[in-house]
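Notes follow the structure.
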Amino acid sequence: MPNNIHTGEAPSDDLFVKVNFPGGAISTGELAGLLEPLEQIGIHELRFGSRQQIYFYVSQTQLEDLEYVLLNQELTYEISGDSCPNIVSSYVADGIFSQSTWIREGVYKDILDSFEFVPKLKINIVDCTQSLVPYYTGNLNFITADISSYWYLHIRFPGSNIFHNWSSLVNTDDIAELSHFLEPLLTDIRVDNTAAGQQLGQHLEQLAFVSRKFLFQPITNAFVEPAFKLPYYEGFNHYHDRLWLGMYRRSETFSIALLKDICHVCLKHRIGQVYSTPWKSIIIKDIQHNTRPDWDAVLDKHRVNLRHALNELNWQTEDYDSLGLVLKQELVHQMNWLDTRTYKLCFGVKMHSKSGIWGSVILRFMMSRGKRSWFQVQHTRNFNPNSKDLITYRKRVDRDNLIHVILALCEDFYQLQGQLTSLRPTALPEPPAEEQSLPTELHQCPYCKTIYDPQWGDSTQNIPAQTAFGDLPPHYCCSVCDASISDFQAVSIVK
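Residue 392 in full-length UniProt numbering sits at position 392 of the sequence shown; the count goes up by one each step and never skips.
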């Protein structure tokens, strides 16, 4: 795969460097080779991102010293940009969380090695039997089928939440080439509605079919998302005749010194890879029982705490954004104090409309005014975070009231769990009306159901409060899915 990329705007005083390790599999030798020069130029910590990449912040002076190292090691990196997102895979789950009958370590390696280009689309390569890595946060989402060596492909069109399900299965050997074939056809396109997405998807399938480059297989059973259960991904755990170790940091930062010691122990005991997860944590596999004292010594030296509560481990926050992390920490602290049960749920804090945050409950930032801010609270259908459908639970919640709404939503979820019989869907109880008022005519996006309210305007597009729908500029679009203003429909809402 080509490696050296320098994109983004001209460097400023506040820069971050993103380094891609495709599939989240990081060679301990490569990582050690990166950490040493980072420490030498004065960088003390780094982070693992939600697409299993590494990133860290640098000054302009540090960057000048660092670029030679990055180029020399042939690492795929970007400076203050993310035009080439990392390839996400469930490689990390292999052997410990996966129950697949056919996909193994060698299959992941072959797929990742077959990418001879650096993708500009988000690509997910995921085993459907695990719940650690999300299915649909990519633009090209390859999900294992029951038939050996074949995959479902679900396309999420760039900049939207509109999907097209490929009508045939894709062969393992074709994943990289099909991705390369589709990328220029999907780059810079805009899909405004489901009908347009289906039309474009069918056109793409026809082009791929007539090219005769790919070995497709008919789909006999449509893909159905299995029930979600986030595995506990931290601490020492047994598998086969070995141990694996998961490490999570509350600050989402790992010190360079800690990672250097991890690499040292890995290399000492011939552990070839460290794995990053979409939960901004790392996992080390293939630990022999008799080497446990060496690992305990590293954890003791760096005061690494293991076994955090699950209601802290089941949160997703955006990369490069500290506000979402602060909100997560506040809410987790309150939930711990209240001893809140969140089993089978996971939460996402979405501060920017285009981020790939996922979860069964989404806290979507709407606007701020002075010291106050407001969020929309949504949940996925049946609370499966791998569902493509979002349902609005509360349209506008003051930040100070978020904990109360989350507690109510958790209560509704567990009541729903108690009511479920077989697989028949049961409606979520409607939240109580906060106050009675007459219906108000507003305008709603028909695709993602986002409502434009003139009382609040739209801060994401610099629309001030008290701007009537009829006074919006013609280029206005839905702040969530980018649907055109002409698609909005009038609805009556009791506020």
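Even for Gly, the Cβ is constructed at its ideal location relative to N, Cα and C. Remember, predicted model here, so these are calculated numbers, not experimental data.
Whole-Å CB distance - residue i paired with residue j, under 8 Å assumed
| i | j | result |
| --- | --- | --- |
| Ile79 | Val118 | Rounded, the Cβ-Cβ distance is 15 Å, inconsistent with contact. |
| Ser486 | Thr460 | 19 Å between Cβ atoms; not a contact. |
| Tyr150 | Gln198 | The pair is not a contact, with the Cβ atoms about 22 Å apart (cut-off 8 Å). |
| Lys344 | Leu363 | The pair is not a contact, with the Cβ atoms about 18 Å apart (cut-off 8 Å). |
| Leu338 | Leu31 | Actually they do not touch by this definition, with Cβ atoms about 39 Å apart. |
| Ser211 | Thr144 | That pair is no contact at about 24 Å. |
| Leu313 | Tyr233 | 7 Å |
| Leu15 | Leu63 | 6 Å |
Residue j beta carbon less than 8 Å from that of residue i
| i | j | result |
| --- | --- | --- |
| Leu140 | Ile162 | no |
| Lys122 | Gly348 | no |
| Gln415 | Tyr393 | no |
| Asp192 | Asp482 | yes |
| Leu325 | Glu252 | yes |
| Val92 | Tyr275 | yes |
| Asn290 | Ala309 | no |
| Pro278 | Val405 | no |
| Val88 | Gly159 | no |
| Ser492 | Glu411 | no |
| Ile219 | Ser167 | yes |
| Phe115 | Ala176 | yes |
| Tyr152 | Lys388 | no |
| Leu409 | Phe375 | no |
| Asn386 | Phe209 | no |
| residue 524 | Ile271 | For residue 524 there is no data in the structure shown, the boundaries of the chain being 1 and 495. |
| Thr340 | Asn311 | yes |
| Arg250 | Asp286 | no |
| Ser255 | His44 | yes |
| Ser98 | Asp127 | yes |
| Cys266 | Thr28 | yes |
| Ile262 | Val298 | yes |
Residue i (DSSP reduced to helix, strand or coil)
| i | result |
| --- | --- |
| residue 535 | The requested residue 535 is not part of the displayed model; the chain covers only 1 to 495. |
| Trp244 | strand |
| Cys477 | strand |
| Trp315 | strand |
| Asp458 | strand |
| Leu442 | strand |
| Tyr414 | helix |
| Ala490 | strand |
| Gln288 | coil |
| Ser322 | helix |
| Glu330 | helix |
| Ala32 | helix |
| Val17 | strand |
| Ala25 | strand |
| Glu39 | helix |
| Ile283 | strand |
| Gln53 | coil |
Local Cβ density within 10 Å of residue i, reported as buried at 16 or more and exposed below that
| i | result |
| --- | --- |
| Gly49 | buried |
| Leu46 | buried |
| residue 498 | In the structure displayed, the chain extends from 1 to 495; residue 498 sits before or after that span and is not available. |
| Lys301 | exposed |
| Gln273 | buried |
| Gln436 | Low per-residue confidence applies at Gln436: pLDDT is 48, beneath 50, and the placement is therefore not dependable, though the value from the model is reported in the following sentence. Classification of Gln436: exposed, given that the 10 Å Cβ count is below 16. |
| Leu186 | buried |
| Leu207 | exposed |
| Asn20 | buried |
| Asp113 | exposed |
| residue 557 | This structure gives no information on residue 557, because the portion of the chain shown stretches from 1 to 495. |
| Glu42 | Strictly speaking, residue 42 in this sequence is Gly, with Glu absent from that position. Flag for Gly42 reads exposed. |
| Val332 | buried |
| Tyr239 | exposed |
| Gln455 | exposed |
| Ala10 | Only weak support exists for where Ala10 lies, its pLDDT of 34 falling under 50; the value from the coordinates is given anyway. Exposed, by the Cβ-count rule. |
| Glu318 | buried |
| Pro293 | exposed |
| Gly23 | buried |
| Gly470 | exposed |
| Asn462 | exposed |
| His443 | buried |
| Ile189 | exposed |
| Arg372 | exposed |
| Asn124 | buried |
| His164 | buried |
| Ile391 | exposed |
| Val107 | buried |
heavy atom of the ligand NAP below 7 Å from residue i C-beta
| i | result |
| --- | --- |
| Ser98 | You won't find the ligand NAP in this model; it holds no ligand whatsoever. |
Any chance you could list the beta strand (DSSP E) runs of at least 3 consecutive residues sitting entirely within the stretch 340-408, in chain order?
347-350, 361-369, 372-380 and 390-398
Alpha helix (DSSP H) runs contained entirely in the stretch 152-189, provided each spans 4 or more residues
175-186
Just list the alpha helix (DSSP H) runs in the stretch 59-143, keeping only unbroken ones of 4 residues or longer that don't cross its boundaries, in chain order.
Every alpha helix (DSSP H) stretch that sits fully inside the stretch 59-143 and reaches 4 residues is listed by chain position as 60-72 and 105-113.
Entirely within the stretch 204-229 and at least 3 residues each: give me those beta strand (DSSP E) ranges in chain order.
216-218
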